Amino acid sequence: MALMTRSPAVLAIGLVIASIVALALGLDYHRKATQDLVLEMYRERVRDLAAIVAYAIDGDLHNDVVAEADLNGPKYKQAVAPLVQIHNRLPEVYYIYSMIVRDGRTYYVLDTTDHPDLVSPHDLEPTAMLNVLSARSDVTCSTMLSC
4 MALMTRSPAV
14 LAIGLVIASI
24 VALALGLDYH
34 RKATQDLVLE
44 MYRERVRDLA
54 AIVAYAIDGD
64 LHNDVVAEAD
74 LNGPKYKQAV
84 APLVQIHNRL
94 PEVYYIYSMI
104 VRDGRTYYVL
114 DTTDHPDLVS
124 PHDLEPTAML
134 NVLSARSDVT
144 CSTMLSC
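Numbering (the numbering used here), first residue to last: 4 to 150.
In structure tokens form, the structure reads like this:
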């Protein structure tokens, strides 16, 4: 008789524990799905901004800047000016720069951070022109943006 009186209590405790586990798994799934959705939204935003910046770059002028490798030259200033204008309109963005790939290595070219017309609320560190992207951060379009 004592076993039968305990049995509904044990069953109830088991059901409560099972419900809590199911709820926790459901909440974890929902959290993960929400995180994935937010991450995808950020990736889309970055892709859109990258497309806007790429559209603003004059490809011929960019090639001339790379060939001259002169950070203070008039062509560099002309090439980076549209990027600075975009950067000033996007205070949430920390860095806007262009890059090239040569011999399997990625190099910075245009960088808005050291331009005198840039107004940014962030403490930014400029990169040297044609400075190689750190080998330890093997970043590609596919890893950053899922291109």
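Where a beta carbon is used, it is the ideal one built from N, C-alpha and C, also for glycine.
All of these numbers come straight from a predicted model, not from anything done at the bench.
Buried versus exposed, by CB contacts within 10 Å (16 or more), T37 = exposed
Under 8 Å Cβ to Cβ from R139, same chain only, skipping five residues before and after it: list those, please.
-> Residue placement at R139 cannot be trusted, given a pLDDT of 45 that sits under 50; the coordinates are not used to answer.
Below 8 Å on the Cβ atoms is my guess for T115 versus L86; work out the distance and round it to an integer in Å.
-> Here T115 really is in contact with L86; their C-beta atoms are around 5 Å apart, less than 8 Å.
DSSP state of I99 mapped onto helix, strand, coil = coil
Uninterrupted beta strand (DSSP E) stretches inside the segment 10-48 (no shorter than 3 residues) = Taken in chain order, no unbroken stretch of beta strand (DSSP E) lies wholly in the segment 10-48 with a span of 3 residues or more.
Close-in-space but distant-in-sequence residues of the same chain around V68 (CB under 6 Å, 5 per side omitted) = Excluding positions up to five away in sequence, the list reads K78, Y79 and A82.
Mind checking whether the beta-carbon of P119 lies closer than 7 Å to any heavy atom of the ligand ADP?
-> Ligands displayed in this structure: none; no statement on the ligand ADP is therefore possible.
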